[in-house]
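Numbering-wise, this note's numbering comes out as the position in the sequence shown, counting from 1, plus 1052.
Heads up, the beta-carbon is just placed ideally off N, CA and C, and yes, glycines get one too.
Since the structure comes first, as structure tokens, the remarks are kept for the end.
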Amino acid sequence: MLIVTILVTLLIFGLLVTVHELGHYLVARASKVAILEFSIGMGPKIKSWEGKVNTFSLRAIPIGGYVRMLGEPGEEDETPETLAACIGRHAINEVHLVKRMLIVLAGPAMNVLLAFLVMLLLVSTSGAIGSTQVAELLPENVSGQYGLQVGDVIREVNGKTIHCYPDLSYKILSDGVEPVDILVERNGETILLEDVAFAPTEESGVAFGQMDFKVYARQKTPLVILYESFWQGCSMVYMTVDSLVDTFSGRYGLNAVGGPVAIGEQVGETIEQSQSVADTLYNLGSLTMLISVSLAITNLLPLPALDGGRFLLYVIEGIRRKPLPKKVENALNAACMLLLFALMILIFFKDLIGLF
């Protein structure tokens, strides 16, 4: 089981990294930027081969990857042979600022696109699709005492528009520890239910709201599948951003932060707990989608070593009408890389200790 878990985890990481770097690669190629290397993995090179316009590499550490472009820091001293192969293309710092911004954003965008495609597959093959209409109040129901009724279609929770069942369940889960305002549609009328309470529950020292009613299932049609795939994908992005904010605000603490070891543990648990091959594939697909969105959002954080940081530097360049001095940019990148490595080591040992 351990070997299977490791292989599946590496496969998931390989897919997500490849898709992410492919986004950078394709937009850079379209912008006629000279690409020196497309690498999957980090560290020592295992195998490489020459493509039509650049080198492709597989490296020993199967976490991460990169697209190395002419004109990036450290690429100023390329050999004459390499530069000759780049004739007709440009260094990254020579193309228009907007194109550079698009190149940077293309990686996270591809991860989000992958998540939406996986969501479309999952919704298409799922047994049932939950609606946002209350079908039954459970015996331990509390919200009904505050006006919620069977037949209510829930439109908003605490001001957040509810498009699909994941929107509804997550908003009650995250906000339901305190009374919430719920906007419902009832018999053709829109009614605001104020200060609706849910019985909270607690897990690992963190309080969550508890959904105390069931909803009707939606009939699966092609239009419903497309609608649900889109909005459930949007809901996944919202959940990821909101959970990230809650983590930084201290609601979840360090235990909520996990790295490759924690993800591998989740993969193992998913495989063990699934009841069939179809169930395993469905659950692994859901996990892959979640990690893909998380990777996209994390990469958009405004830290110089990440895509979001590079985008921020381009925004500053646009405002100043000239790039930051190379020394300043290199110092920011170096400092941020040190912080990221320190954080990665901390998370690694935290996850490792959690295994025992």
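CB of Ala1167 within 8 Å of CB of Gly1360, strictly: no
For Ser1338, the nearest candidate out of Tyr1118, Ser1176, Glu1146 and Ile1214 (CA to CA): Ser1176
Closest residue to Ile1087 among Met1094, Trp1101, Thr1107 and Leu1068 (Cα-Cα distance): Thr1107
Stretch-stretch touch, CB-based, cutoff 8 Å, three pairs: the segment 1338–1352 with the segment 1053–1072: yes
Residues near Ile1243 in its chain [Cβ-Cβ closer than 7 Å; skip 5 each side]: Val1236
Residue from Ile1092, Ala1161, Gly1093 and Glu1230 whose Cα sits closest to the Cα of Val1194: Glu1230
Helix, strand or coil at Leu1062 according to DSSP, with G and I counted as helix: helix
Straight-line Cα distance separating Leu1174 from Pro1132: Note that Pro1132 scores 49 on pLDDT, short of 50, meaning its location in the model is unreliable and no value can be drawn from it.
Residues sharing a beta bridge with Gly1117, DSSP: Ile1092
Cβ-based burial, Ile1092 [other Cβ within 10 Å; buried from 16]: buried
Among Ala1180, Asn1335, Gly1240 and Trp1101, nearest to Ile1206 - alpha-carbon criterion: Gly1240
Through-space distance from Leu1278 to Leu1172, alpha-carbon basis: 7 Å
Cβ-based neighbour list, Leu1154, same chain, cut-off 8 Å, excluding 5 preceding and 5 following: Val1079 and Ser1083
Inter-stretch contact at 8 Å, needing at least 3 Cβ pairs: the segment 1140–1153 / the segment 1244–1260: no
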